[in-house]
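Colleague: Residue numbers (our numbering), protein chains in the order written: chain A, 330 to 612; chain B, 891 to 1166.
1. Determine the chain A residues that contact residue 1110(B) at a beta-carbon separation under 8 angstroms, and present them in chain order.
2. Can you grab the Cα-Cα spacing for the pair residue 892(B) / residue 487(A), in whole Å?
3. Taking C-alpha atoms, which residue in 399(A), 490(A), 483(A) and 468(A) lies nearest to residue 434(A)?
4. Can you check DSSP and say which residues form a bridge with residue 931(B)?
5. What in chain B is Cβ-close to residue 346(A), meaning under 8 angstroms?
6. Compute the distance between the beta-carbons of residue 493(A) and residue 539(A), then report whether it is under 8 angstroms.
7. Establish whether the CB of residue 402(A) and some CB of chain B are separated by less than 8 angstroms.
8. Pick out the complete alpha helix (DSSP H) segments inside the region 1035-1114 of chain B, 4 residues or longer, and give them in chain order.
9. CB-CB under 8 angstroms to residue 926(B), same chain, minus the five flanking residues each way: which ones, in chain order?
10. Nearest by alpha-carbon distance to residue 967(B): which of 1029(B), 1108(B), 1042(B) and 895(B) is it?
11. For the region 936-950 of chain B, enumerate the residues whose C-beta is nearer than 9 angstroms to any C-beta of chain A, in chain order.
12. The alpha helix (DSSP H) spanning residue 981(B) covers which residue range?
13. Can you pull the chain B neighbours of residue 398(A), defined as C-beta to C-beta under 7 angstroms?
14. Spatial neighbours of residue 930(B) within its chain, please: C-beta separation below 6 angstroms, excluding the five flanking residues on both sides.
15. Would you mind reading off the limits of the alpha helix (DSSP H) that contains residue 901(B)?
16. Excluding the 5 residues flanking residue 587(A) on each side, which residues of the same chain have their C-beta closer than 6 angstroms to its C-beta?
17. Pop quiz: residue 1103(B) and residue 1010(B) are said to be a contact at Cβ under 8 angstroms. What is the actual Cβ separation, rounded to whole angstroms?
18. Would you verify that the beta carbon of residue 442(A) is, or is not, closer than 8 angstroms to some beta carbon of chain B?
19. What residues in the region 434-467 of chain A have a beta carbon less than 8 angstroms from any beta carbon of chain B?
20. Taking the straight line between their C-alpha atoms, what separation do you get for residue 918(B) and residue 957(B)?
21. Quick one: is the Cβ of residue 405(A) within less than 7 angstroms of any heavy atom of the ligand FAD?
22. Could you tell me which chain B residues have their CB closer than 8 angstroms to the CB of residue 499(A), listed as they occur along the chain?
23. Please name the residue, chosen from 992(B), 1093(B) and 946(B), that lies closest to residue 337(A) on a Cα-to-Cα basis.
24. Give the interface partners of residue 1013(B) over in chain A, defined as CB-CB distance under 7 angstroms, in chain order.
25. Which value, in whole angstroms, describes the spacing of the CA atoms of residue 938(B) and residue 903(B)?
26. I'd like to know whether the C-beta atoms of residue 1017(B) and residue 1107(B) end up nearer to each other than 8 angstroms.
27. Could you say if the region 1078-1087 of chain B and the region 545-557 of chain A meet the contact criterion of at least three C-beta pairs nearer than 8 angstroms?
28. Drop a sphere of 10 angstroms on the beta-carbon of residue 384(A), count the other beta-carbons inside from all chains shown, and report buried for 16 or more, exposed for fewer.
29. Residue 962(B) and residue 1122(B) - do their beta-carbons sit closer together than 8 angstroms?
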């Protein structure tokens, strides 16, 4: 007769492929990156903090960090501003809402690279956006630059990453108890007051929690700024340039930036989560 | 005055709502429309709204010069390998997480999901170094293994939920009827969780199909995948050919989105048989 509840050993055996993959494809590479970041360039021995000092001491390096953070934050704010009205509209199950829900998922399933290519073509100096402006908006006689500019990059980020926030916002809104709103109306509040003082405060924690996903995706964005960033290079692109442009590649310098990026992501994320939690508690 | 204004705004909410929905749809769709037009357009320069001539020339170029046939084959092989490896890992780990007692389960789970929390370029550097040393760079297996780093956490997450939703009584019934645990797993549990496994496989495949960062650091001349090919084409600056490649690449993604939407409602993802 077999033991109906096998012990810890069997559980660990089941977990071993996952743990092996985790160790071999994540933990060890990460450790290697950390070690490499403290090695002198191109050497297998010796220790130095020079790469960190060089990057953090350089005004350009600090600018890159600020750019990455600013882009992620701007994209997150933009996503929230877009997602809340959009979800409020979609909540009412208008005619065709299924189709619009599907459309929202498109930027998530399509490769970021393709999205960026299309955005560059659409918003570029000869794209439809500028053709429209030149044709229909008086006072504009030359193309408005969007592609390869900072505001353009924010726009592209929002396009690509707002679905994370929007999907969460929608699910929070739909789990909201409608009777609370009715109570507000019975108590004499106008529809806008119900929205402002009942609905928005109730969904705020959920929306902010969902926006974390957008923030994370935007902070780690690589393919989009790589082809659509122009001179604006966030951390991920900066890392890639270190190993792809110079010969021989600057692996140690790249590793140092990669470690910084990982640490910053964890720090930003925990700070963000703490802020979200505090905002959520304060009603 | 403002009250009347607010009232009017509220009364027009349906119109405003549709305006918002339609403009967002247009903004999401327009880039793809532009790509599609660009891929079949000829002589589309200057201030023209639409291409003056249509051609399939760019697709021929994409296949002949861009080698899209071989690239597609690479992408499929790598995707299938990644699905195979990740699903194997995910089935075992998901069973452990979903069906068994494990001290510190939450912690182990959080640990295994860590690769999704940290930007992949941070460990992609290390993966590339290791694969260079092991001569795994520019092999299908190597690129697929790199993809497993990000795909496996997803499969583990989805399959844990799937197995957790499996009804204990069904398995007990199998045991009562004399099935060994292995038989119960393969003959009873597996068919029941098949929709969940299928969903996770589709998900993994899409992920591998679209994966760019890890591929870029581990690919070689023999393992160029579609995203990398598109990136290289963007660098070459031929927008028409790049667009043709993009169309060839994006169509499967959209088909997969349709399939996911139709085949796997969330409730089917977790369990898939409850109440049946």
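Virtual Cβ for every residue (Gly too), placed ideally from N, Cα, C.
Modeller: On the basis of the coordinates in this document:
1. Neighbours of residue 1110(B) on chain A: none; closest Cβ ~14 angstroms, over 8 angstroms.
2. 32 angstroms
3. 490(A)
4. 944(B)
5. 978, 979, 982 and 983
6. Going by C-beta atoms, residue 493(A) is nearer than 8 angstroms to residue 539(A).
7. no
8. 1058-1066, 1080-1100 and 1103-1108
9. Close CB contacts of residue 926(B) within its chain, under the 8 angstroms cut and outside five residues either way in sequence, are with 1133 and 1137 (chain order).
10. 1029(B)
11. 936, 937, 938 and 939
12. 958-989
13. Those do not exist, as residue 398(A) stays about 13 angstroms from chain B at its closest Cβ, beyond 7 angstroms.
14. Correct list, in chain order: 944.
15. 892-901
16. 362 and 568
17. 5 angstroms
18. yes
19. 434, 435, 436, 438, 439, 440, 441, 442, 443, 444, 446, 447, 448, 450, 451, 455, 456, 457, 460 and 463
20. 29 angstroms
21. Inclusion of the ligand FAD in the displayed structure is not the case, the ligand content being empty and no account of it being possible.
22. Chain B residues near residue 499(A): none, gap ~13 angstroms exceeds 8 angstroms.
23. Residue 992(B) is the option with its Cα nearest to residue 337(A).
24. Residues of chain A passing the Cβ test: 355, 358, 359 and 362.
25. Taking the Cα positions, residue 938(B) is about 36 angstroms away from residue 903(B).
26. yes
27. no
28. buried
29. no
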